[in-house]
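What follows is the structure in structure tokens.
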């Protein structure tokens, strides 16, 4: 890979990682400002190999929900259940290095979420999954799986200057 191509790929994946972390932070997961807004130099140090090629497997991360998020997603207490468990949990974000996504990839990801007792998973891939692979998502309930293409995460649209701050109209 030439230096120019490697630099473009580094910049592209740096923007994608920042957007993924900012998205988790905006949803209410515990991430620091430094984690969300990692500098390009820190990205190269942490996520690129000696030759400068970014390693997607190093970019995987987990995040726990904040206490406010736990409270928001907890059902109301009842006499039979005075301390209900929140309907939210740790999120795992995985960056796929394969150019295609099939049933096998998503089954493996769902199994990983289940084995590690994770509630939600975000799968970031270079290409869109096949139609048959998407049919797996409803079958893994109560786990939540979301799939994003890398190109969809290049820009954090919710932080764009022309997008107004979203506010909840009713509780």
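Numbering (UniProt numbering), first residue to last: 1 to 171.
From the three backbone atoms N, C-alpha and C, an ideal C-beta is built for every residue, glycine too.
Inset, instruction - Evaluate the contact criterion for the stretch 64–82 versus the stretch 18–38: three or more CB pairs, one atom per stretch, below 8 angstroms. - result: yes
Legend entry - Limits of the unbroken beta strand (DSSP E) element including residue 147: 144–149
Legend entry - Three CB pairs or more closer than 8 angstroms across the stretch 12–22 and the stretch 150–158: yes
Inset, instruction - For residue 144, collect the residues of the same chain with a Cβ closer than 8 angstroms to its Cβ; drop the 5 residues on either side in sequence, then sort them by chain order. - result: 119, 120 and 121
Inset, instruction - Locate the alpha helix (DSSP H) running through residue 25, then write down its first and last residues. - result: 3–27
Legend entry - residue 94: first and last residue of the uninterrupted beta strand (DSSP E) it sits in: 91–95
Inset, instruction - Please report the residue range of the alpha helix (DSSP H) in which residue 63 lies. - result: Premise fails: residue 63 lies in the beta strand (DSSP E), 61–63, not in any alpha helix (DSSP H).
Inset, instruction - Might you give, ordered along the chain, the residues of its own chain that have their beta carbon closer than 7 angstroms to the beta carbon of residue 35, omitting 5 neighbours on each side? - result: 21
Inset, instruction - Have a look at 117, 100 and 158 and flag the residue whose alpha-carbon is nearest the alpha-carbon of residue 147. - result: 100
Inset, instruction - For residue 155, write down the residues that DSSP places opposite it in a beta bridge. - result: Paired residues: none, contrary to the question.
Inset, instruction - Tell me whether residue 109 is buried or exposed, calling it buried when 16 or more other Cβ atoms sit within 10 Å of its Cβ. - result: buried
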